[in-house]
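First residue of the sequence shown? That's 149 in the working numbering, and the numbers climb one at a time after it.
Note that the Cβ used here is the ideal one computed from N, Cα and C, for glycine as well.
Here's the structure, in structure tokens; my notes come after.
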Amino acid sequence: MAGARDQERAAGGTDQAQLAQQATLTHEQAQAAALAKLHGTVERTRLERDNNTVVYEVTVSPQRGGVSQDVEIDAATGSVLKTQAPGQDEEEGNDD
């Protein structure tokens, strides 16, 4: 069992390295883009693939309280793709 878990971790690390190579934004730049869209505090930032696009998912706690929001940032352009809170429909980010 431990061998299988080690292989999964190694594969996940390789995938993260590949995603990082495809991203032109840093974690800090993605966080800044998310905070420009939603004022608050960053809880977590993850690099992942969504529909063949490398994205950062930044979880932000709103400044005035309330439900945390996941802000999806295009890792190549810095564009906000969507924001979503648990139990809500997705909101497209290109509504500026």
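Which residues mark the beginning and the end of the alpha helix (DSSP H) in which residue i is found?
i: Q177; result: 175-185
The beta strand (DSSP E) that contains residue i, what's its start and end?
i: R192; result: 188-198
Look up residue i in the DSSP assignment and say whether it is helix, strand or coil.
i: Q232; result: strand
i: N164; result: Residue 164 is actually Gln in this sequence, not Asn. Looking at Q164 - three-state DSSP - the assignment turns out to be helix.
i: Q217; result: strand
Per DSSP, residue i is paired with what?
i: S227; result: In the DSSP output, where bridge partners are listed per residue, S227 has none listed.
i: T201; result: D198
Determine the burial state of residue i: buried for a count of at least 16 other Cβ atoms within 10 Å of its Cβ, exposed for fewer.
i: T231; result: buried
i: D163; result: exposed
- Query: Quick one: any contact between the region 218-225 and the region 163-172, if contact means 3 or more CB pairs under 8 Å?
  - Reply: Short answer: they touch.
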